[in-house]
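Numbering (this note's numbering), first residue to last: 27 to 386.
The beta-carbon is built from N, C-alpha and C at its ideal position, and this holds for glycine as well.
All figures in this text were calculated on a predicted structure; none of them were measured in a lab.
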Ligand code: GYE
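Here it is in structure tokens:
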């Protein structure tokens with residue numbers, strides 16, 4: 027799309043070094059890291075293949091808009107749906123060439139991917155950042171290269187907001203409030219609003235906006251409920267396996283857990299497995315109340331099965347939203363710097379009716 031002949035030539039030259047595998051710099055390392063870890067990632071990440079696509083597009087003077095997307099990883103159902111949304115939006119038919127990089131939950135991989143995109147002189151860089159901090163330097167590099175950056179899903183915490191054009195994602199603090207408000211109402215209906223309520227929390231990746239907002243939202247609301255006691259919080263890294271592991275240790279430490287707050291559905295699934303394995307019960311008719319976030323399709327199955335009490339929605343379908351931002355920027359229009367998506371709360375009693383309407 028860009029007609030920067032010199033930049034393209036430099037980019038092609040650097041790419042050639044990278045493909046030949048004889049460079050010692052960060053770009054080569056990105057390729058190796060991304061391809062070495064898992065076979066599955068290699069397929070989706072395929073740095074060499076995506077590099078060739080960018081080259082081809084540039085060489086052919088292609089009119090496609092080249093978008094480099096640095097994705098967090100594939101840690102959850104939410105993330106899978108988010109990746110699918112981006113890939114379904116940024117297609118050749120829609121006028122895009124997508125360079126997709128899976129960072130496997132490591133910020134260092136994301137930084138390498140962004141540098142790779144800069145070297146390839148993509149038209150736009152889109153980042154779903156693992157954590158909020160640590161972005162100033164690489165975003166400045168993108169800005170100096172004249173490449174607009176869009177942040178999606180989690181936020182970045184940078185000293186200068188002009189380092190990115192726009193952000194679109196969820197109001198994670200509001201999600202935390204919504205979860206706590208649902209719990210207060212539920213306990214009230216059960217006549218337990220002054221009983222001591224013991225809570226444990228499985229937190230997301232520490233430093234990720236989804237973790238910070240949800241933890242803080244609940245923490246703020248705790249002040250309104252003097253009978254709520256947070257026994258412990260620990261990260262389950264947003265994965266089912268870690269969620270299960272941490273829940274197993276919580277169950278060993280405490281025999282009187284009333285509520286599990288899992289900062290995403292996959293950790294809740296892990297926690298439910300741990301609870302059942304320990305011979306305890308959970309869900310609307312069980313001993314332990316399960317409060318979760320995301321409201322992915324499998325959470326509705328879990329609610330229908332009677333295991334989960336509620337899931338606070340977090341919408342991952344950001345592909346079209348990012349595309350709209352890019353189209354506006356292409357037309358020289360101003361875009362909203364910060365845009366939140368609308369979300370709901372889905373308690374178990376709504377699951378059966380709502381499940382067929384869910385898109386992810
Ligand atoms: O809740 C979780 C995923 O950042 C909103 O990341 C996202 C979170 C989501 O791993 O399932």
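Please determine whether the Cβ atom of residue i lies at a distance below 8 Å from any heavy atom of the ligand GYE.
i	result
residue 104	yes
residue 167	no
residue 135	no
residue 198	yes
residue 98	yes
residue 180	yes
residue 195	yes
residue 297	no
residue 230	yes
residue 271	no
residue 236	yes
residue 101	yes
residue 128	no
residue 250	no
residue 292	yes
residue 326	no
residue 95	no
residue 342	yes
residue 320	yes
residue 116	no
Write down the C-beta distance between residue i and residue j rounded to the nearest angstrom, noting that I regard them as a contact closer than 8 Å.
i	j	result
residue 309	residue 264	Between residue 264 and residue 309 the Cβ distance is about 22 Å, and since that is not below 8 Å, they are no contact.
residue 317	residue 205	5 Å
residue 150	residue 177	Actually they are not in contact, since the Cβ atoms of residue 150 and residue 177 sit about 12 Å apart, beyond 8 Å.
residue 202	residue 241	7 Å
residue 244	residue 285	Residue 244 to residue 285, Cβ: 10 Å. No contact.
residue 93	residue 116	5 Å
residue 366	residue 322	Actually they are not in contact, since the Cβ atoms of residue 366 and residue 322 sit about 19 Å apart, beyond 8 Å.
residue 228	residue 273	7 Å
residue 169	residue 155	That belief does not hold up - the Cβ atoms of residue 169 and residue 155 are roughly 16 Å apart, past 8 Å.
residue 144	residue 173	6 Å
Note the first and the last residue of the continuous alpha helix (DSSP H) segment covering residue i.
i	result
residue 235	235-248
residue 347	345-356
residue 363	No alpha helix (DSSP H) contains residue 363, which DSSP labels as neither H nor E.
residue 275	266-279
residue 100	That residue, residue 100, is in no alpha helix (DSSP H); it is neither H nor E in DSSP.
residue 323	323-330
Residue i lies in the beta strand (DSSP E); which residues open and close that run?
i	result
residue 151	150-153
residue 146	That residue, residue 146, is in no beta strand (DSSP E); it is neither H nor E in DSSP.
residue 208	Not the beta strand (DSSP E): residue 208 falls in the alpha helix (DSSP H), residues 198-215.
residue 22	Any property of residue 22 remains undetermined from this structure, which presents the chain solely from 27 to 386.
residue 5	No information on residue 5 is available, as it lies outside the stretch 27 to 386 that the chain covers here.
Does residue i come within less than 9 Å of chain B when only Cβ atoms are used?
i	result
residue 256	Absent here is chain B; the protein component of the structure consists of one chain.
Pairing CB atoms from the stretch 289-297 with CB atoms from the stretch 231-240, are three or more of them under 8 Å? yes
If we count Cβ pairs, one from each stretch, closer than 8 Å, do we get three or more for the stretch 213-222 versus the stretch 175-195? no
Exercise. Assess, as a yes-or-no matter, whether the stretch 320-332 is touched by the stretch 157-168 under the definition of 3 or more beta carbon pairs within less than 8 Å.
Key: no
| query | Would you call the stretch 105-122 and the stretch 344-354 touching, i.e. three or more CB-CB distances under 8 Å? | reply | yes
*Does the stretch 273-283 come close enough to the stretch 293-308 that 3 or more CB-CB pairs lie under 8 Å?*
yes
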